[in-house]
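Worksheet: one structure, shown below.
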Amino acid sequence: CALGRLEKAGLIRQHQRFEDIGNRIRTEGWITLKKTPAPEEIETLRKRAKRQAGALLLLQQSGGEMRRCDLADADLPVLRRLAQAGWIEMWEEEVFRDGYRDIEPEPFVPNPLTPFQARALDQIEAHLQKGGFGVFLIHGVTGSGKTRLYIEAVRSALARGKSALVLIPEISLTPQAVARYRGAFGNEIAVLHSGMSAGERHDSWRKIRDGSCRIALGPRSAVFAPLSDLGLIVVDEEHEASYKQNDPSPRYHARDTAVMRGFFIGCPVLLGSATPSLESYTNAMDGKYVLLRLPERVDGIPMPSVVVAGPGESRKDNPFLTPVLRQKMETRLALGEQAILLLNRRGYASFLQCGSCGAIEMCPHCAISLTVHLQHRLLKCHYCGFSKQAMDTCPKCGGSRLKFRGTGTERVEEEIRAVFPAARLVRMDHDTTRRKGAHARIVMGFGKRECDILLGTQMVAKGHDFPGVTLVGVVSADTGLYFPDFRSEEKTFQLLTQAAGRAGREKLAGEVVIQTATPDHPVILFSQKHDYEAFYKWAVEQRKELGYPPFGRLVLAGFRCADEKKASEAARYFFDATDFGNRVERLGPVPAPLSKIQGQYRFHLIYRQKKSVDPGGKYLRERLREAMNLFQNTARFRNVRMHLDVDPIDVL
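Everything in the sequence shown is counted per the numbering used here, starting at 93 for the first residue and increasing by one.
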């Protein structure tokens with residue numbers, strides 16, 4: 093803001109310069125034998141230059157061509173003398189860095205399409221033939237063959253000389269997606285995501301840009317892949333909140349960006365999900381998108397049966413496993429089958445509390461309790477990264493009655509290992525997947541049945557296809573159900589339905605156990621029946637009554653400052669500057685649900701506008717832009733960071 097004011101005053105000039113991060117094209121040295129030496133020539137050379145003779149002989153035995161690094165006994169001066177003598181030619185070949193080169197392609201088997209798949213593909217291909225923009229929402233139950241539709245549509249686009257973009261919601265899904273798409277398209281695939289090294293991203297970017305790879309695959313940032321002649325965009329699991337970039341700027345939703353990219357260049361966009369977002373499904377109901385239904389699983393495989401275990405289930409012996417879940421795990425493991433356990437909370441316990449005075453260990457930089465991590469007995473903040481050693485006594489009263497409150501994946505892992513000591517268990521959460529390639533190792537290992545139980549956070553529930561999984565257990569379905577967020581019920585339904593869909597995807601019947609303290613909650617009941625239509629009708633009625641998306645437009649104005657009073661004043665100033673009468677409703681300003689993060693106090697102000705008042709949202713955008721410019725030029729708020737988040741995914 094200060095720099096902008098100085099530039100307007102003519103005192104400075106700003107310009108951008110791309111930083112050279114040191115990425116270079118990697119090459120590999122090769123040697124080719126130009127002429128074959130006779131035995132006597134090798135013998136003569138050996139007498140005066142033994143190493144040259146040895147290199148020539150080895151090169152000859154290897155068929156006349158070798159990588160330079162394989163000639164360990166021949167250094168560069170030796171090879172140069174051989175080249176000067178006319179025996180060899182040295183040359184460089186570019187080596188593309190590929191973090192997924194060890195992924196084994198999954199053979200593509202063109203099984204007959206189901207009637208629902210065939211009808212959907214006919215509509216997609218008819219549009220590809222006609223050309224132009226269009227959005228198709230593929231609503232298919234888990235295991236209904238949505239990926240097969242994507243592959244066939246991509247194949248059709250490539251056959252027309254076009255390129256394709258495939259978006260997936262999580263880095264953890266990349267190994268499986270790479271295996272499938274490389275099985276169908278070979279080396280046409282290039283991957284882009286933030287978990288790759290800078291060199292790997294550099295090479296993938298160049299292969300996409302020069303057209304040597306016509307399919308770009310990756311999570312949200314891949315939406316900007318430099319594809320030319322783009323003919324198709326696929327957004328798998330379009331409902332996922334991970335498609336939204338919240339912080340840092342720029343704030344964008346990859347799904348919506350993909351739709352707009354398709355609109356600008358005139359190509360079709362496929363959105364797919366078993367649990368579409370309410371916004372996308374409403375667009376389909378209103379005729380803006382073409383709805384394609386896949387209501388059955390491939391090969392007639394039934395949906396898994398779902399059992400809800402409520403608070404009446406005794407857990408005296410195992411506080412985190414109800415008897416029904418434990419019994420079903422015992423049965424499935426005895427049959428050599430696999431199980432997935434979902435708990436969307438990492439760490440050992442949510443917080444540490446003194447049993448004497450009730451004090452809770454809080455983060456000194458954030459308004460949130462420290463999570464207990466068993467390894468190294470650490471207390472960690474999952475927002476700012478602060479950590480400290482867990483004490484044996486209360487720092488406030490000196491009491492020793494410290495109690496773990498809440499449950500995390502580490503604590504459930506401890507219990508599972510005690511109950512099923514012979515079972516091979518692997519945990520997948522943010523703590524176990526920090527290192528490069530950890531996602532791939534866990535997912536591919538579980539897919540090869542190297543372990544029996546996969547325990548993890550929401551990343552275990554998203555899009556994976558494990559044929560050996562016949563049981564899914566949701567340890568606590570209530571973890572996110574009561575968050576102070578208008579989307580919490582939608583997110584919970586999606587997570588439960590997606591998790592349930594991991595079970596019984598092959599010929600073996602699947603089972604799901606949902607443990608919950610509120611078994612009569614509508615979201616739990618809809619999830620038990622895999623009934624998206626009923627959930628949609630119930631959810632949109634509430635949204636419509638309250639004016640929330642998809643029936644209203646939301647913009648969140650956020651204010652952050654190390655000075656709490658200054659942040660509050662800034663939010664109030666902006667509120668007063670944005671009185672738009674009856675056209676826009678203002679909620680706040682109030683402290684954010686997480687009122688302090690990384691030493692910054694946070695205040696929120698929400699603008700809500702019915703779409704019927706301003707269908708395109710132009711009025712609200714223009715007025716907020718004017719107010720933001722005024723705010724940024726107000727000197728007394730120069731230390732307050734302010735942002736606008738259009739269509740926020742959450743308001744935490």
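We treat Cβ as the ideally placed atom computed from N, Cα and C, and that holds for glycine.
Item, Value
"DSSP three-state assignment for TRP630, whether helix, strand or coil", "helix"
"Residue from GLN724, ALA164, LEU148 and LEU638 whose Cα sits closest to the Cα of ALA177", "LEU148"
"Close beta carbons around ILE117, own chain, < 7 Å, minus the five adjacent residues each side", "GLU186"
"TYR574 classed as buried or exposed, judged by whether at least 16 other C-beta atoms fall within 10 angstroms", "exposed"
"Chain-order list of residues whose beta-carbon lies under 6 Å from that of HIS735 (same chain, five-residue window excluded)", "GLY650"
"Cβ-Cβ separation, LEU588 to VAL566 (assumed contact under 8 Å), whole Å", "6 Å"
"When ILE545, LEU137, ILE180 and LEU171 are compared against LYS127, the one with the closest alpha-carbon", "ILE180"
"Residue burial classification, LEU220 (beta-carbon count within 10 angstroms, cutoff 16)", "buried"
"Burial state of LEU98, where buried means 16 or more other Cβ atoms lie within 10 Å", "exposed"
"Alpha carbon of GLY673 to alpha carbon of ARG728, nearest angstrom", "27 Å"
"Closest by C-alpha distance to GLY477, when choosing among PRO456, TYR381 and ARG252", "PRO456"
"Same chain, Cβ closer than 6 Å to PRO685, neighbours up to 5 away in sequence not counted", "PRO576 and LEU744"
"According to DSSP, residues forming a beta bridge with HIS735", "GLY650"
"Burial state of CYS449, where buried means 16 or more other Cβ atoms lie within 10 Å", "exposed"
"Nonlocal neighbours in the same chain, by C-beta distance under 6 Å from SER286, ignoring five residues either side", "none"
"Under the three-state DSSP convention, the category ARG385 falls into", "strand"
"Residue interval of the beta strand (DSSP E) (run including ASP328)", "322-328"
"Selected residue, minimal CA-CA separation from THR747, among PRO513, GLY500 and LEU444", "A question about residue 747 goes unanswered here, because the residues of the chain that appear run from 93 up to 744."
"Minimum C-alpha distance to LYS336 - residue among PRO559, SER313 and HIS468", "SER313"
"PRO318 versus PRO641, ILE134 and ALA282, residue with shortest Cα-Cα distance", "ALA282"
"Sequence-distant residues of its chain with Cβ nearer than 7 Å to SER687 (five each side left out)", "ALA459, TYR693 and ARG694"
"ASP570 beta carbon less than 9 Å from that of GLY759", "With the chain represented from 93 up to 744, any question about residue 759 goes unanswered, as that position is not in the structure."
"3 or more residues per run - each beta strand (DSSP E) lying fully within the segment 398-436", "430-434"
"Stretch-stretch touch, CB-based, cutoff 8 Å, three pairs: the segment 603-616 with the segment 353-372", "no"
"Entirely enclosed alpha helix (DSSP H) segments - the segment 260-320, minimum 4 residues", "266-277 and 290-301"
"Three-state secondary structure assigned by DSSP to CYS446", "strand"
"Per DSSP, the bridge partner or partners of PHE729", "According to DSSP, which records beta bridges pairwise, PHE729 is partnered with nothing at all."
"Same chain, Cβ closer than 6 Å to LEU679, five either side skipped, listed in chain order", "ILE698"
"Contact set for LYS621: own chain, Cβ-Cβ below 8 Å, skip 5 residues either direction", "VAL398"
"Coil, strand or helix - MET377 by DSSP", "helix"
"Residue burial classification, GLN144 (beta-carbon count within 10 angstroms, cutoff 16)", "buried"
"Reduced DSSP secondary structure (H/G/I, E/B, other) of MET158", "strand"
"Under the three-state DSSP convention, the category GLY232 falls into", "strand"
"Proximal residues to VAL705 (C-beta, below 7 Å), its chain only, five neighbours per side dropped", "ARG675"
"Rounded C-alpha distance that separates LEU712 from TYR344", "18 Å"
"As assigned by DSSP and simplified to three states, the class of MET520", "strand"
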